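Student: Chains as they are written, first to last, in the working numbering: chain X, 91 to 415; chain C, -18 to 332.
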Amino acid sequence: MTQRNVLEAINSALDEEMSADPRVMVLGLDVGKLGGVFRATSGLLEKHGANRVVDTPLAEASIIGASLGLAISGMVPVAEIQFLGFTAQAFHQIGPQLGRYRARSRGRFHCQVTVRAPFGGGISSPEFHSDAVEAQFVQSPGIKVVMPSNAYDAKGLLIEAIRDPDPVLYCEPDRLYRLGRMEVPDGAYTVPFGKAAVVRDGDDITLVAWSAAVETCLIAAERLADEGISAAVVDLRTLVPLDVETLVGAVAKTGRCVVVHEAPLSAGFGAEVVATLASEAFYDLDAPIARVTSYDVPYPAAPLERWYLPTVERVVAAARRTARQ
Amino acid sequence: MTARLSILAPDGKLANGAKPSLSDEALVEALRWMLMSRIYDERATALQRQGLYGVYSPALGQEASVVGSSMALDPARDWIVPQYRELIALVRHGYPLERLAAIGMGRVTETARIPDGVNVLPNQVALATQLPHAAGLAWGLKLQKKDSVVMTYVGDGGSSEGDFHEGLNLAGVQKAPVVFFLSNNQWAISTPRRVQSATPSFALRAAGYGFPGVEVDGNDVLAVYAAASEAVERARAGGGPTLIESITYRMSFHNTTDNPSLYEDPKDRAEASRRDPIDRVVKHLKQRGLWDDELDKGMRASVRAEVDAALDKAATFPTVTPSQLFDNVYSELPKRLLRQREELLGETRET
């Protein structure tokens, strides 16, 4: 077995899928010689050649739009948008184009396209680099939204995404890229979409999160254990498709829930989680559901991030309040 | 300024020293496609007024652009990435007219979709978004060493979109085998051409992307065909993209919801009718003794019969069903959507 961090797991998934399937190609800004601004595509150009690892013009709409055309031609593009916040300049090519092409063509065409995009705060990068806009794409039918939180899932979910006949937005937790290694096997394996993971068992309260916020919740759960509060942590892994059964089961078991995400509060995906629990788990709830999120303000400058993001302290405080209600 | 390519003048005569780009036989075929476009426009518009057809955008006045460009393509290997005013180009490329008619008549089921093996993408309403698609499709075909060319359509209005720039720029960098066919019909609904851009010529923009741009009289089917053929051949030979600005005039409304009398000077329309793309082909063929009123009447009658047969057939296509909402959203429906579909079907059974 091999130890890999999130970045190495992503690189390994790309390399292995490109080796296994000559249709798979990588395109985006600086993905070639540089290997991407985070080095996720490091070494791929040397191994797979300039036809399949392509530095594109600095233009997000055409990176996604061309990927749609490449897919129809028979290629399997994996597009990198340098930061998820930059999808604002390709937004119309993601939901309305990639997401709807199967429906618009009444099944004649589909878009086997993966869009990779790092995102999230805590690395002191400016404004758009950190935006957590994943919920915008949940409102784009036809797109699957995938949010890995650890290296093992990162590789398995990415291989699943590349092989999926439908377009997938794969959001990478940049704060976790190099934050420790875990066992990530060599060779292909997949983690299925629509299967949430109970990453920690607990009896008193259930913390629900995805992507880097899962790590925040796991640390919070440790602290809560010191106070005698037993917290379960659910990692949704994919927002579309959503695993309602695992979510409802895990919350029904403890009767209490805190939802944690990096996106602003209002109409964040947490709102969908809470609404789902309100209709599916209402009679199992012993306390109002709490949300710990960023605020409904623009992404702040780096020195302000620690007050903006859902920190371990805020999660612990919210869980404590909820557990005692 | 680039010189505007012109072969067939409005009076039916060949321009000084110009040679026809199509054989006599092919020119008669072009005439037939142009008549089919115009007759279909009349029929679809009439049906829309009776409530039997959806919102419709005629190609009236632009037939030479649509037909001349598509005749430069080989349907067996080339692709069309349309905007939405190129219906007859799609038919020539193999998308059966009755299927297109069925979609217009609201019978929007899989039965009416683009048939397998027909190299046409769906119409695009979000203007210019199709240009990056076309660039990517052409690039992918080139990567797979196919000798295919992609023809994609946009208008003077669509050329103002950011995707116009991004699509042409990427195609230039990749030397993708794609032809960008810009139908400058002088109008984007009510917005005139001069409001779209201060450029004296849309074709000039190609210089900024590193490939040739040409201006052509878009009401001259011989000139359009010549320009399109040259661009297609260059693309097929590895010479990369071309931007063709086809200068024409929208001799009708933008679509059936529009009212040009609120913004169009009738003199402009009258001037455009003197440059009618169909009339000049008829005049030319007559001048050369290849055409007469009887042949003309016969062709119009046979085209009308073909259009009516397609419309009749379209009226027998399956109608829509509620569960179809959930078809072709994903390769497999996620559980949440299965549940939503069950809810919808339960409700529709109750009503």
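Glycine included, each C-beta is placed from N, C-alpha and C at the ideal position.
From a predicted model like this one, the values you see are computed outputs, not experimental measurements.
1) What residue range is occupied by the uninterrupted beta strand (DSSP E) comprising residue 228 of chain C?
2) Candidates X:324, X:355, X:303, X:296: which alpha carbon is nearest residue 374 of chain X's?
3) Does the CB of residue 235 of chain C have a neighbour CB from chain X at under 8 Å?
4) Grouping DSSP H, G and I as helix and E and B as strand, with all else coil, what is residue 277 of chain C?
5) In the structure shown, what three-state DSSP assignment does residue 183 of chain C receive?
6) So what's residue 74 of chain C in DSSP terms, helix, strand or just coil?
7) Cα-Cα, which of C:286, C:168, C:238 is closest to residue 36 of chain C?
8) So residue 224 of chain C contacts chain X; which residues on that side make the cut at Cβ distance below 7 Å?
9) What three-state label does DSSP hand residue 171 of chain X in the structure shown?
10) Under 7 Å, CB to CB, which of the residues in the region 122 to 151 of chain C have a partner in chain X?
11) Quick one: which chain X residues come within Cβ less than 7 Å of residue 114 of chain C?
12) Answer yes or no: does any C-beta atom of chain C fall closer than 8 Å to that of residue 140 of chain X?
13) Would DSSP call residue 303 of chain C helix, strand or coil?
14) Exposed or buried, residue 256 of chain C, counting other C-beta atoms within 10 Å across all chains shown (16 or more means buried)?
15) Just the C-alpha distance for residue 97 of chain C and residue 90 of chain C, rounded to the nearest angstrom, thanks.
16) Going along the region 181 to 213 of chain X in order, which residues come within less than 8 Å of chain C, judged by CB to CB distance?
17) Using a Cβ-Cβ cutoff of less than 7 Å, which residues in the same chain neighbour residue 285 of chain C once the five nearest sequence positions on both sides are dropped?
18) Where does residue 268 of chain X sit, in a helix, a strand or coil, going by DSSP?
19) Let me make sure I understand the geometry here. Which of X:160, X:126, X:127, X:106 has the alpha-carbon closest to that of residue 138 of chain X?
20) Residue ranges of each alpha helix (DSSP H) run of no fewer than 4 residues wholly in the region 311 to 364 of chain X, ordered along the chain?
21) As a quick exercise: from C:193, C:24, C:95, C:61, pick the residue whose alpha carbon is nearest that of residue 51 of chain C.
22) What's the call for residue 254 of chain C, buried or exposed, on a 16-neighbour Cβ count within 10 Å?
23) Between X:264, X:119, X:254, X:341, which lies nearest to residue 31 of chain X when the distance is taken from Cα to Cα?
24) For a minimum of 3 consecutive residues, which ranges assigned as the beta strand (DSSP E) are wholly contained in the region 134 to 222 of chain C?
25) Please list the partners that residue 232 of chain X has in chain C, where partner means a Cβ-to-Cβ separation under 8 Å.
26) Please list, in chain order, the chain C residues whose beta carbon lies closer than 9 Å to that of residue 357 of chain X.
27) Leaving aside the five residues before and after residue 167 of chain X along the sequence, list all residues of the same chain whose C-beta is less than 7 Å from its C-beta, in chain order.
28) Can you give me the start and stop residues for the beta strand (DSSP E) that residue 208 of chain X sits inside?
29) Within 8 Å (strictly less), CB to CB, does residue 266 of chain C reach chain X?
30) Along the region 313 to 347 of chain X, where does the CB come closer than 9 Å to a CB of chain C? Name the residues.
31) Where do the ends of the alpha helix (DSSP H) carrying residue 26 of chain C lie?
32) Would a check of beta-carbon distances place residue 146 of chain X closer than 8 Å to chain C?
33) Let's see if you can read the secondary structure: which residues bound the beta strand (DSSP E) around residue 263 of chain X?
34) Can you give the Cα-Cα distance for residue 347 of chain C and residue 186 of chain C, rounded to whole angstroms?
35) For residue 77 of chain C, which residues in chain X fall below 9 Å Cβ to Cβ?
36) Using a Cβ-Cβ distance under 8 Å, would residue -12 of chain C count as near chain X?
Tutor: Based on what the coordinates show:
1) Start and end: 223 to 228.
2) It is X:296.
3) Residue-level contact check: residue 235 of chain C does not touch chain X, since none of the beta carbons of chain X fall below 8 Å from its beta carbon.
4) Correct three-state label for residue 277 of chain C: helix.
5) In the structure shown, residue 183 of chain C sits in coil (DSSP, three-state: anything other than H, G, I, E or B).
6) Under the three-state reduction of DSSP, residue 74 of chain C is assigned to coil, being neither helix nor strand.
7) Of all alpha-carbon atoms in C:286, C:168, C:238, the one lying nearest the alpha-carbon of residue 36 of chain C is that of C:238.
8) Ordered by position in chain X, no residue passes the 7 Å Cβ test against residue 224 of chain C, which lies about 16 Å from the chain.
9) The answer is coil: DSSP assigns residue 171 of chain X none of H, G, I, E or B.
10) Within the region 122 to 151 of chain C, the qualifying residues are 122, 124, 125, 143, 144, 147, 148, 150, 151.
11) Contact annotation for residue 114 of chain C against chain X: 155, 158, 159 [CB-CB distance below 7 Å, chain order].
12) By this cut-off, residue 140 of chain X is not an interface position.
13) Helix at residue 303 of chain C.
14) Around the beta carbon of residue 256 of chain C, 16 or more other beta carbons lie within 10 angstroms, which makes this residue buried.
15) Here the C-alpha atom of residue 97 of chain C lies approximately 15 Å from the C-alpha atom of residue 90 of chain C.
16) Along the region 181 to 213 of chain X, going in chain order, the ones with a CB nearer than 8 Å to a CB of chain C are 182, 183, 186, 187, 191, 192, 193, 194, 195, 196, 197, 198, 199, 200.
17) Short of 7 Å from the beta carbon of residue 285 of chain C, and not among the five residues preceding or following it, lie these beta carbons of its own chain, in chain order: 20.
18) Residue state, collapsed to three classes: coil.
19) Considering only X:160, X:126, X:127, X:106, the residue with the shortest C-alpha distance to residue 138 of chain X is X:106.
20) If we require 4 residues or more, the alpha helix (DSSP H) runs fully inside the region 311 to 364 of chain X come out as 334 to 344.
21) It is C:61.
22) When all chains shown are included, residue 254 of chain C counts as exposed.
23) Not covered by the structure: residue 31 of chain X. The range shown for chain X is 91 to 415.
24) Unbroken beta strand (DSSP E) stretches of 3 residues or longer found wholly inside the region 134 to 222 of chain C: 159 to 165, 194 to 198, given in chain order.
25) Here the neighbours are 310, 311.
26) By Cβ distance, chain C contributes nothing, its closest Cβ being about 18 Å from residue 357 of chain X, past 9 Å.
27) The beta carbon of residue 167 of chain X is closer than 7 Å to those of 115, 117, 157, 160, 161, 203 in its chain, skipping five residues each way along the sequence.
28) Annotation: the continuous beta strand (DSSP E) that includes residue 208 of chain X extends over 204 to 209.
29) False, the Cβ-Cβ gap to chain X never drops below 8 Å.
30) The region 313 to 347 of chain X vs chain C, Cβ under 9 Å: 330, 331, 332, 333, 334, 335.
31) 5 to 30 is the extent of the alpha helix (DSSP H) around residue 26 of chain C.
32) It does; some Cβ of chain C falls within 8 Å.
33) Residues 258 to 263.
34) This structure cannot speak to residue 347 of chain C, because chain C is shown only from -18 to 332.
35) None at all; the shortest Cβ gap to chain X is about 13 Å.
36) No, no contact with chain X.
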